[in-house]
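Below is one structure; the comments refer to it alone.
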Amino acid sequence: MKPWMRRVIFYGGTLVVVTIMCQNFFREAFHTVLGESTGESLFKFVRTNVEAPISIIFIALYLDLIMAKKPPPGAADGPVVFGMPVASERDEADPVESR
Amino acid sequence: MSLNARRVVYAATIVVFMFVLGWEVVYDGWRAVFGDHPGSPMEGFWDHIPVLGDRFGANGTAGREVDFSRIAATAQGNTAEHEPAGEAMARFWDLQVETWVNALLFVFILDFVYRMHRGADGGWEFAPVSTKVRAGVYAGLVLLMLVCSAEGPLRNVLEVPLPNDIAASVARYFRRALEGVLAVIGLMIFMDFVRPGRLSEARPGKRPSLPVSPG
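One line per chain: the protein sequences are A and B, in this order. With my numbering, the residue at position 71 of the first sequence is 71, and numbering never jumps. With my numbering, the residue at position 169 of the second sequence is 1169, and numbering never jumps.
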């Protein structure tokens, strides 16, 4: 599966979870399965924690957009290909100094 | 854009969310978008949108209501189970305090404490700082947890330099952030005590630590 497809499924799926958690049919499903009292209690508990999937999205965005090309500590903050820093003009000028 | 520039943009975005989403101006923006008030530029707009119109527009006899809201009662005294869509959306995003705190703390702990980075095989590797520094981070988080949980004393302290209403608002915000701080402490415990084997700095030539499927 292509990386962009994985991202669509992950981010889209998490957004769907967020949306479903806030919908009335989700509450009614809880009522149907668990009864009026227990279902309402559990539904409110779940929906109160809707911050969890939203946190996941924002943490994943950091990993995806900021950390995705972060080189190992000590390496130059330069161009990176497949997780490894590649030579830049600065490296070629003085590779020891820039590393 | 450099790595540091991207970090700054991310942090600034989250901090802006923290400040802005509670403003009455933003609330009014949501109300305008969802046409909560008569005369709003968007009033009646959602009635013409299939599916969404049922949620945000003419919602039967109940009016423009949506069930995005939280459990607490609204300022107008309504039970928040059903309230106007714009009001509900504004309140929903205003209440994401734990999200902003959780994301901001955890990503920078991953970045600067565990020094997570891309490895030679394209996977994630870690090069954590020393145990002493990590113990300091734990201590800082525990201190932050105590500050967040002490809403009353924090409000009293903040009332000295700040107006009382702002001091109360800030203290309340810290109190709501408590879950985020607790979650980050738990994640650090997981990183340190459950998966310590993966938290060693990768040596040159070391085989990838993750299993690689043949072919």
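The beta carbon of each residue, even a glycine, is placed where N, CA and C say it ideally should be. Just so we're clear, the structure is a prediction, and the values are computed from it rather than from any experiment.
- Straight across, the Cα-Cα distance linking Leu1182(B) with Asp1028(B) is about 33 Å.
- Not one beta carbon of chain A lies nearer than 8 Å to the beta carbon of Phe1112(B).
- When the beta-carbon positions are compared, Phe1108(B) and Arg1115(B) stay at least 8 Å from each other.
- Per DSSP, Glu28(A) has no beta-bridge partner at all.
- Beta-bridge pairing by DSSP links His1117(B) to Glu1125(B).
- With a beta-carbon spacing of about 24 Å, Pro1084(B) and Phe1019(B) fall beyond the 8 Å limit used to define contacts.
- With distances taken between CA atoms, Pro53(A) lies nearest to Cys22(A) out of Cys22(A), Leu65(A), Pro73(A).
- Neighbourhood of Thr1099(B) in chain A, by CB distance below 8 Å: Glu51, Ile54, Ser55, Phe58, in chain order.
- Interface flag for Met67(A) against chain B is set, since a Cβ pair is found closer than 8 Å.
- Within the same chain, Leu1178 come within 6 Å of Ser1149(B) by CB-CB distance, once the 5 residues on both sides are set aside.
- Nearest neighbour of Ser1040(B) by Cα position, chosen from Gly1086(B), Trp1023(B), Asn1004(B), turns out to be Gly1086(B).
- For Ala1085(B), the enclosing alpha helix (DSSP H) begins and ends at 1085-1094.
- For Phe1106(B), the residues of chain A that pass the 7 Å Cβ criterion are Ile59, in the order they occur in the chain.
- Asp1036(B) sits in coil when the DSSP states are folded into three classes, being neither helix nor strand.
- Neighbours of Lys70(A) across chain B, judged by C-beta separation under 8 Å: Leu1003, Asp1111, Met1116, His1117, Arg1118.
- For Gly1022(B) and Gly74(A), the gap between their C-alpha atoms comes out near 41 Å.
- With respect to the 8 Å criterion, Val1113(B) and Val1129(B) are classified as neighbours on the basis of their beta carbons.
- Between Thr14(A) and Ile57(A), the C-beta gap is smaller than 8 Å, which places the two residues in contact.
- Val1137(B) sits in a helix when the DSSP states are folded into three classes.
- In the structure shown, the three-state DSSP call for Leu1154(B) is helix.
- Membership of Trp1100(B) in the alpha helix (DSSP H) is indicated by the continuous run 1097-1108.
- Between Tyr62(A) and chain B, the shortest Cβ-Cβ separation is below 8 Å.
- Per DSSP, the continuous alpha helix (DSSP H) segment holding Asp64(A) begins and ends at 51-65.
- Lys70(A) carries a coil assignment under DSSP once its states are collapsed to helix, strand and coil.
- With its beta carbon at least 8 Å from every one in chain B, Pro3(A) lies outside the interface.
- Identification of residues in the stretch 1119-1142 of chain B having a C-beta nearer than 9 Å to some C-beta of chain A yields Gly1119, Ala1120, Asp1121, Gly1122, Gly1123, Trp1124, Glu1125, Ala1127, given in sequence order.
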